[in-house]
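For the sequence shown, the residue numbers in my numbering are 1 to 241. Report on one structure; see the data block that follows.
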Amino acid sequence: MLTAAQILHRAAGQLAAAGIETARLDARLMLGEVLGLAPQAVFTRPQLELGPAEQARFDALLARRLAREPMSHLLGRRGFWTLELKVTADTLDPRPDTETVIEAVLDGLPEWGRPRRILDLGTGTGCILLALLSELGFATGLGVDKSPAALEVARHNAHSLGLAERVAFRLGDWGDGLDGRFDIIVSNPPYIRDGDIDGLAPEVAAFEPRLALAGGSDGLDCYRRLAPDIARHPAGSEQAG
């Protein structure tokens with residue numbers, strides 16, 4: 001049987017040879033997942049030997065990562081803001097850059113006042129909306145998405161974070177059929193030109209939902225679609241995204 005140190009060394013080498021820049025980190029994450037340890041704790045058990053079942057599970061994860069499946073899909077979760085969110089192949093992975101939307105809203109609060117209702121168009125995992133609700137204990141939210149599978153993930157995340165009573169999710173095409181006033185409207189719509197998607201990293205091009213990536217021939221289709229939806233809401237609403 002191989003030790004944890006031997007497995008890490010072997011796996012990191014294979015991942016690096018496959019062109020994966022985060023090879024060592026990914027190897028630690030996978031081994032930690034198999035052993036039920038935090039990634040940093042793997043270093044404290046270098047002589048630990050994996051049993052046959054653990055070795056088989058690790059090898060299965062390694063094969064998927066070598067095929068460039070994202071680590072978030074292997075683990076079934078991804079960190080965003082201060083939250084840990086469920087992710088699946090039906091949702092776009094929350095990106096660190098998207099946290100700037102949260103920052104923009106929080107920075108604008110002194111000017112805008114206390115938002116009571118937040119609308120998130122194209123909610124996906126619910127990452128933006130749930131992060132805002134985690135910071136704004138007085139607010140409620142509505143997340144809209146055209147993917148039923150993505151909405152199931154968002155609902156799961158709301159429940160797991162204890163936010164389900166303050167948020168609702170709705171199947172819909174952007175703002176179609178929405179009534180009422182929202183104090184803040186947020187969205188992170190697809191913006192990648194259709195012709196550019198296949199040239200992205202395999203983790204994105206081959207494994208993330210095209211619905212959440214494709215922005216049309218110039219990348220702006222969803223923005224043109226969103227503009228009239230936002231304009232139909234009261235002029236007092238604020239937008240960030």
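Ideal Cβ positions, reconstructed from N, Cα and C, are used throughout, including at glycine.
How close, in whole Å, do the beta carbons of Leu50 and Pro39 come, if the pair is a contact with beta carbons under 8 Å? Not quite, the Cβ-Cβ distance comes to about 16 Å (not below 8 Å), so this is no contact.
Burial state of Pro94 (16 or more Cβ within 10 Å): With 16 or more other Cβ atoms from the protein chains shown falling within 10 Å of its own Cβ, Pro94 counts as buried.
Buried or exposed: which applies to Met13, given that a residue is buried once 16 or more other Cβ atoms fall within 10 Å of its Cβ? Inspection of the sequence shows that residue 13 is occupied by Gly rather than by Met. That one is exposed.
Val204, DSSP secondary structure in three states: Here Val204 sits in helix by DSSP.
Bounding residues of the alpha helix (DSSP H) (the contiguous stretch that carries Ile7): It spans 4-17 - the alpha helix (DSSP H) in which Ile7 sits, taken as one unbroken run.
Hey, is the stretch 199-206 in contact with the stretch 216-229, meaning 3+ C-beta pairs nearer than 8 Å? They do not touch, by the three-pair rule.
DSSP state of Ala214 mapped onto helix, strand, coil: The answer is strand: DSSP assigns Ala214 an E or B state.
Determine the burial state of Met71: buried for a count of at least 16 other Cβ atoms within 10 Å of its Cβ, exposed for fewer. It counts as buried.
Excluding five sequence neighbours on each side, which residues of the same chain lie with their C-beta closer than 6 Å to the C-beta of Leu62? Take Leu62, set aside five residues on each side of it, and the residues of its chain with a beta-carbon closer than 6 Å to its own are Ala11, in chain order.
Give a yes or no on whether the minimum CB-CB distance between Gly141 and chain D is below 8 Å. Protein chains in the displayed structure number just one, and chain D is not present.
Between the CA atoms of Gly141 and Ile102 - distance to the nearest angstrom: Each residue's Cα considered, the two are about 14 Å apart.
Report the three-state DSSP secondary structure of Ile192 (helix, strand or coil). Here Ile192 sits in strand by DSSP.
In or out: Phe169 buried (at least 16 other Cβ within 10 Å) or exposed? So Phe169 counts as buried.
Can you check DSSP and say which residues form a bridge with Glu84? DSSP lists Gly79 as partners of Glu84.
Use the C-beta contact count for Lys86: other C-beta atoms within 10 angstroms, 16 or more gives buried, fewer gives exposed. The Cβ neighbour count for Lys86, taken over all protein chains shown within 10 Å, is at least 16; the residue is labelled buried.
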